[in-house]
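Q: Just passing along the structure, written as structure tokens.
Number of protein chains: 2
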Amino acid sequence: MTPSTSAQSIAPSSALTPQDLGVGARFTVAVMDNDFARIILAALASADASDLTVQTDPVSTLVRGSEQRVLEYVTSVIAAAARSGHHISATLLLSRGCPGEVTCTTTPGLLAEAAPIPTVAATGVRASAHWSLYPLDDTGRPGEAPDHLRDIYAAVDYAKERGTYVRGEHYATLLEGDIADVLSTVAAGWVLVGRSVQHVTSHVSVSIASPTSSTTTEG
Amino acid sequence: MTPSTSAQSIAPSSALTPQDLGVGARFTVAVMDNDFARIILAALASADASDLTVQTDPVSTLVRGSEQRVLEYVTSVIAAAARSGHHISATLLLSRGCPGEVTCTTTPGLLAEAAPIPTVAATGVRASAHWSLYPLDDTGRPGEAPDHLRDIYAAVDYAKERGTYVRGEHYATLLEGDIADVLSTVAAGWVLVGRSVQHVTSHVSVSIASPTSSTTTEG
Chain A
34 MTPSTSAQSI APSSALTPQD LGVGARFTVA VMDNDFARII LAALASADAS DLTVQTDPVS
94 TLVRGSEQRV LEYVTSVIAA AARSGHHISA TLLLSRGCPG EVTCTTTPGL LAEAAPIPTV
154 AATGVRASAH WSLYPLDDTG RPGEAPDHLR DIYAAVDYAK ERGTYVRGEH YATLLEGDIA
214 DVLSTVAAGW VLVGRSVQHV TSHVSVSIAS PTSSTTTEG
Chain B
34 MTPSTSAQSI APSSALTPQD LGVGARFTVA VMDNDFARII LAALASADAS DLTVQTDPVS
94 TLVRGSEQRV LEYVTSVIAA AARSGHHISA TLLLSRGCPG EVTCTTTPGL LAEAAPIPTV
154 AATGVRASAH WSLYPLDDTG RPGEAPDHLR DIYAAVDYAK ERGTYVRGEH YATLLEGDIA
214 DVLSTVAAGW VLVGRSVQHV TSHVSVSIAS PTSSTTTEG
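Laid out in structure tokens, this is it:
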């Protein structure tokens, strides 16, 4: 069950597919309007799903494909739903390195197959998001003990350079900006960690056009 | 930055607060109706927030308190929103062991302070959910290497005993049942892992009264 550490011995030319590498996402888009079903289905239909496997079930939509195409698709769907003008809440889970799911036997060559940082063009849709990144590292880098915070800090530094970082909050990092930049930041952290850790996931909760201002209750 | 492993030397009577232990949650409830704001605010107001710190911002609601009280509060809010009869999508992040957030210096005594498994009474509201559990273990148990899958499998076994487990899916486990049982299962996995791993989080995406059936597109 422990991820193989023989990754470096496999050349990137081994042509492993995103499915072999366990690369993909689950996401949910909520539209706070009576007409939510039509808006969500239209948003899903408007996005380019070529080279992807997309499966929608009652809880979430599964997307499997390359890091770049997954980012493009999810950004496109969320931006399209947001253009309805309604308040949108969306949640996205990115996962890499656990292709078997139930057994999670990882694929040799995983680290060598790390993708370039994916990017998407700005959409004009502004979003706020709470972001979490999870390097599930059982083995550590060669000669080093596992240190999941080291990889999280590196991704946060990238978010600061990118301009989407607002601040660390309890249990999550607050990102703000164009939804394309916010989701690109999340995808970048995921891809960067995937260069040294076999199994890595990231979760982000996105809010667009929220009417809520902050309130605190001390019980 | 590495979590201290001196936990076992501190007695449970050290009276550390949930805040000291970094115990808490963030959650978001989406109501797919024009009247969402009133329904969500009424659901938040209807739940007992005594002994909790609750802070709502444009992305999510932060809840800090004991494992038992956090579970009670979140279940109560989601069930109240669901009683509006509209389609509900909710996402919940549970976190333990990273009280400092930015620096994540963990508190000595954390493992010894692990809580009993929290439970809440059935609500009559049925939910489906995609669940993820993340033991962020840099050190392993005494004499053992870190193995994040070992702890995940133990939590999945608990979900099977509990009757909420449906199946493992790509990147998540599908749970179904009364929202109280679904969220109790998630909280149980989180608490169980917290007995041997300093920093543990869990995410769950919940769907209630969804009109969606499964569809697949091969790109």
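Listed in order, the protein sequences are those of chains A and B. According to my numbering, the residues represented by the first sequence are 34 to 252, in order. According to my numbering, the residues represented by the second sequence are 34 to 252, in order. Backbone N, C-alpha and C fix where the C-beta goes; we use that ideal spot for every residue, glycine too. From a predicted model like this one, the values you see are computed outputs, not experimental measurements.
1) Leaving out five residues before and five after B/VAL110 in sequence, what residues of the same chain have Cβ atoms less than 7 Å from its Cβ?
2) Between B/ASP91 and A/SER161, which are expected to be in contact by the criterion C-beta below 8 Å, what is the C-beta distance as a whole number of angstroms?
3) I'd like to know if A/ARG71 contacts chain B, where contact means its C-beta is closer than 8 Å to some C-beta of that chain.
4) Determine whether the Cβ of A/PRO91 lies closer than 8 Å to any Cβ atom of chain B.
5) Can you tell me whether A/PRO244 is buried or exposed, with buried defined as 16 or more other CB within 10 angstroms of its CB?
6) Under 8 Å, Cβ to Cβ, is there at least one residue of chain B near A/GLN88?
7) Alpha carbons only, please: which of B/PRO51, B/THR248, B/THR249 is nearest the one belonging to B/ALA148?
8) By Cβ distance, which residues of its chain are closer than 7 Å to A/SER93, with the 5 residues on each side in sequence left out?
9) Using the Cβ count rule (16 or more neighbours within 10 Å means buried), how would you classify A/THR248?
10) Does the region 215 to 224 of chain A come close enough to the region 185 to 197 of chain A that 3 or more CB-CB pairs lie under 8 Å?
11) Below 6 Å CB to CB, which residues in the same chain sit around A/LEU33 once its five sequence neighbours on both sides are set aside?
12) Determine which residues share a DSSP beta bridge with B/ASP211 and list them.
13) Flag B/ALA148 as yes if its beta-carbon sits less than 8 Å from any beta-carbon of chain A, otherwise no.
14) Between A/PRO175, A/GLY196, A/GLY201, which has its C-alpha nearest A/TYR186's C-alpha?
15) For the ligand NAD, is there any heavy atom lying closer than 7 Å to the beta carbon of B/VAL103?
16) For the beta strand (DSSP E) containing B/GLN88, name the first residue and the last one.
17) To the nearest angstrom, how far is it from the Cα of B/GLY118 to the Cα of B/ALA242?
18) Can you check whether the C-beta of A/GLU251 is within less than 8 Å of a C-beta belonging to chain B?
19) B/ARG102: which of B/GLY57, B/PRO175, B/LEU182, B/ALA205 sits nearest, CA to CA?
20) Got a sec, what are the start and stop residues for the beta strand (DSSP E) A/THR197 sits in?
21) What is the DSSP secondary structure of A/GLY222, counted as helix, strand or coil?
22) By the three-class DSSP mapping on this structure, what secondary structure does B/VAL153 have?
23) Give me, in chain order, the residues of the same chain whose beta-carbon lies closer than 6 Å to that of B/HIS236; leave out the 5 immediate sequence neighbours on both sides.
24) I'd like to know whether the C-beta of B/ARG174 is nearer than 8 Å to at least one C-beta of chain A.
25) Going by the DSSP bridge assignment, what does B/LEU129 pair with across the sheet?
A: Result, derived from the coordinates:
1) Cβ within range, chain order: VAL62, ALA76, LEU77, ALA80.
2) A small correction: the amino acid at residue 91 of chain B is Pro; Asp does not occupy that position in the sequence shown. 5 Å between Cβ atoms; contact.
3) By this cut-off, A/ARG71 is not an interface position.
4) Chain B contact via Cβ: present.
5) Counting Cβ neighbours within 10 Å, A/PRO244 comes out exposed, since fewer than 16 surround it.
6) Yes, A/GLN88 lies at the interface with chain B (some Cβ there is under 8 Å from its Cβ).
7) Out of B/PRO51, B/THR248, B/THR249, B/PRO51 has the C-alpha closest to the C-alpha of B/ALA148.
8) Within the same chain, A/SER93 has close Cβ partners ARG59, PHE60, THR61.
9) Classified as exposed, A/THR248 has fewer than 16 neighbouring CB atoms from the shown chains inside 10 Å of its CB.
10) Judged by Cβ distances under 8 Å, the region 185 to 197 of chain A makes contact with the region 215 to 224 of chain A, as three or more pairs qualify.
11) Residue coverage of chain A in this structure runs from 34 to 252, which leaves residue 33 of chain A outside it and unanswerable.
12) Note: B/ASP211 sits in a beta bridge opposite B/ARG159.
13) No, B/ALA148 lies away from the interface with chain A (no Cβ there is under 8 Å from its Cβ).
14) Nearest to A/TYR186 by C-alpha distance, out of A/PRO175, A/GLY196, A/GLY201, is A/GLY201.
15) The ligand NAD is not among the ligands present in this structure, which contains no ligands whatsoever.
16) Its beta strand (DSSP E) spans residues 86 to 89.
17) Near 8 Å, if we compare the C-alpha coordinates of B/ALA242 and B/GLY118.
18) Yes - at least one Cβ of chain B is within 8 Å of the one on A/GLU251.
19) If we check each option's Cα against that of B/ARG102, B/GLY57 comes out closest.
20) Per DSSP, A/THR197 belongs to no beta strand (DSSP E) and is neither H nor E.
21) A/GLY222 carries a helical assignment under DSSP once its states are collapsed to helix, strand and coil.
22) Three-state result, B/VAL153: coil.
23) Correct list, in chain order: LEU126, SER165.
24) No, because no Cβ of chain A sits closer than 8 Å to the Cβ of B/ARG174.
25) Looking at the sequence provided, one finds Arg at residue 129 of chain B rather than Leu. DSSP lists B/VAL233 as partners of B/ARG129.
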